[in-house]
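>
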Amino acid sequence: MPKVVDIHQFLQVPGKPYKIIDVRSPKEFEQGHIPGAVNIPLFDNDERAVIGTLYKQTGRQPAILKGMELVGPRMAGIVQSAVDLAIDNTVYVHCWRGGMRSGFVAMLLEMYGLNVFLLKGGYKKFRHLALETVNATHTLLLLSGNTGSGKTYILKKMKDLSQQVIDLEGLAHHKGSAFGALGEKPQPTQEQFENELTVQLLSVDKNKVTWLEDESRMIGKIVLPPGLWEQMRTAEVYYMNLSFDERLNHIVKEYGRFPKEELETSILKITKRLGHEESKNAIIALHEGDLHTALGICLRYYDKTYGHGLSIREKESVHPIPFEKLDVEEIAKALIEKLSVNTNGKY
């Protein structure tokens, strides 16, 4: 018999990176899934709709028979796909609620000879855990700094230096500004962002602080969970104070590699906020090859926006640290040292 485990056992398998098999339909999987899971659907999207309709109209048994009819020719393929993924002859399986779909697949895999662990409550139970986790209380610190300060690179270096870091922009596949989608993969669904964030939050040591980048409530189309957002609004902030020219040089280096057409599209997104005249000037400069002027116009706008966000925080919670140069390693080490001093060596 398959071994039924709860969500914490399902996610925390000591020492073994066993594969999680999600047997829901492709559409369900695309909407959101447990990070790292592999989709081996028992039914495709259309088949699931047919069986659901049949279940409502004629009852459970006709729906089961129809399901068997549809799956029959594919059973060997489903088993082979699972066998190919198995580690130490073991797989973890789930569906939406831990019902017939995962139960049927588990039976097939056990019959073949695999060790199968089933998630009690299915993906629905994981979603309950996700919503609890992303809105729970965490010990957070924010890295802040005007646009172009290299915050993402500094956080990555801090992670290399053994600090706990969660890259919200990395999870959202967006850098937050009108230019934020450039060079990024398509953004995940809101549900999948929360799922990815959940796994990250579950992996951190709660006795230590976790660094995040100071973000707006929305990162592209992704909305930060309300509980996390409220904590971010009151968290301690370490603010990097870099000169305008230093940040502008970084932005030109960062975005200068993208086609002018993509940069123009990004500028047009903030035309109303820049003002039509400034937007026009930025686009003219862009097509003349003067990236410093074009992006400088945008940077001044973002400086005003960022300055307002910082001004509404409690002054005691903001720790400004001036730097002359954007030296990622030097800044990362200085921030860690500042944290140690501020907390009397606790962190």
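Note that the sequence shown covers residues 202 to 548 in my numbering.
Just so you know, even glycine gets a beta-carbon here, dropped at the ideal spot from N, CA and C.
Since we're looking at a predicted model, the values are computed, not measured.
1. If we call anything under 8 Å between Cβ atoms a contact, is Ser-345 one with Leu-527?
2. Starting from the Cα of Ile-423, find the closest Cα among Val-306, Ala-382, Ala-238 and give me that residue.
3. On the three-pair Cβ rule with 8 Å, is the stretch 283-301 touching the stretch 309-326?
4. So Val-335 and Leu-413 are in contact, right, with Cβ under 8 Å, and what is the actual spacing, rounded?
5. DSSP has Glu-414 in a bridge; who is on the other side?
6. What separation, rounded to the nearest whole angstrom, lies between the Cα atoms of Arg-474 and Val-519?
7. Mind the definition here: the stretch 395-410 touches the stretch 485-492 only if three or more C-beta pairs lie below 8 Å; say whether that holds.
8. Is Pro-523 helix, strand or coil by DSSP?
9. Using CA atoms only, rank isn't needed, just tell me which of Ile-221, Thr-353, Met-312, Glu-231 is closest to Phe-318.
10. Candidates Ala-373, Gln-365, Ala-331: which alpha carbon is nearest Leu-212's?
11. For Pro-460, count the other beta carbons within 10 Å of its own beta carbon; 16 or more makes it buried, fewer makes it exposed. Which is it?
12. For the putative contact between Leu-500 and Thr-353, defined by C-beta atoms under 8 Å, what is the C-beta separation to the nearest angstrom?
13. Given this structure, state the Cα-to-Cα distance separating Val-453 from Glu-479, to the nearest angstrom.
14. Taking just the CA atoms, how far does Lys-409 sit from Ile-537?
15. Could you tell me the distance, in whole angstroms, from the CA atom of Val-251 to the CA atom of Leu-266?
16. Could you tell me if Val-542 is buried or exposed, where buried requires 16 or more neighbouring beta carbons within 10 angstroms of its beta carbon?
17. May I have the straight-line CA-CA distance separating Pro-242 from Gly-253, to the nearest angstrom?
18. Taking just the CA atoms, how far does Asn-246 sit from Ser-226?
19. So, using beta-carbon positions, are Pro-218 and Asn-396 closer together than 8 Å?
20. Do you know whose CA, among Asn-545, Val-529, Lys-547, Gly-546, lies nearest Leu-362's CA?
21. Use the C-beta contact count for Phe-230: other C-beta atoms within 10 angstroms, 16 or more gives buried, fewer gives exposed.
22. For Arg-302, count the other beta carbons within 10 Å of its own beta carbon; 16 or more makes it buried, fewer makes it exposed. Which is it?
23. Please report how far the alpha carbon of Met-359 lies from the alpha carbon of Glu-370, in whole angstroms.
24. Can you tell which of Arg-458, Ile-498, Leu-492, Ala-287 has its C-alpha closest to the C-alpha of Gly-476?
25. Could you have a look at Val-280 and say whether DSSP puts it in helix, strand or coil?
26. Give me, in chain order, the residues of the same chain whose beta-carbon lies closer than 6 Å to that of Ile-288; leave out the 5 immediate sequence neighbours on both sides.
27. Count the other CB atoms, across all protein chains shown, that sit within 10 Å of the CB of Ile-513; report buried if there are 16 or more and exposed otherwise.
28. For the beta strand (DSSP E) containing Gln-204, name the first residue and the last one.
29. Please list the terminal residues of the continuous beta strand (DSSP E) segment that includes Val-317.
30. Please name the residue, chosen from Lys-534, Gln-393, Glu-525, that lies closest to Gly-234 on a Cα-to-Cα basis.
31. Which one or two residues does DSSP pair with Asp-285 in a beta bridge?
32. How would you label Tyr-445, buried or exposed, when you count the other beta carbons within 10 angstroms and need 16 or more for buried?
33. Rounded to the nearest angstrom, what separates Ile-367 and Gly-268 at their Cα positions?
A quick look at the data gives this:
1. no
2. Ala-382
3. yes
4. With 8 Å as the limit, Val-335 and Leu-413 do not qualify as a contact, their Cβ atoms being about 12 Å apart.
5. Leu-344
6. 27 Å
7. no
8. strand
9. Ile-221
10. Ala-331
11. exposed
12. That belief does not hold up - the Cβ atoms of Leu-500 and Thr-353 are roughly 16 Å apart, past 8 Å.
13. 18 Å
14. 13 Å
15. 12 Å
16. exposed
17. 15 Å
18. 5 Å
19. no
20. Val-529
21. buried
22. buried
23. 16 Å
24. Ile-498
25. helix
26. Tyr-219
27. exposed
28. In the sequence as displayed, the identity of residue 204 is Lys instead of Gln. Looking at the DSSP string, the run of the beta strand (DSSP E) that includes Lys-204 is 204-206.
29. 316-320
30. In the sequence under discussion, the amino acid at residue 234 is His, which differs from the Gly named in the question. That would be Gln-393, whose Cα lies nearest to the Cα of His-234.
31. Asp-285 pairs with nothing; no bridge assigned.
32. Correcting the residue identity first, residue 445 is Phe in this sequence and not Tyr. Exposed is the call here.
33. 42 Å
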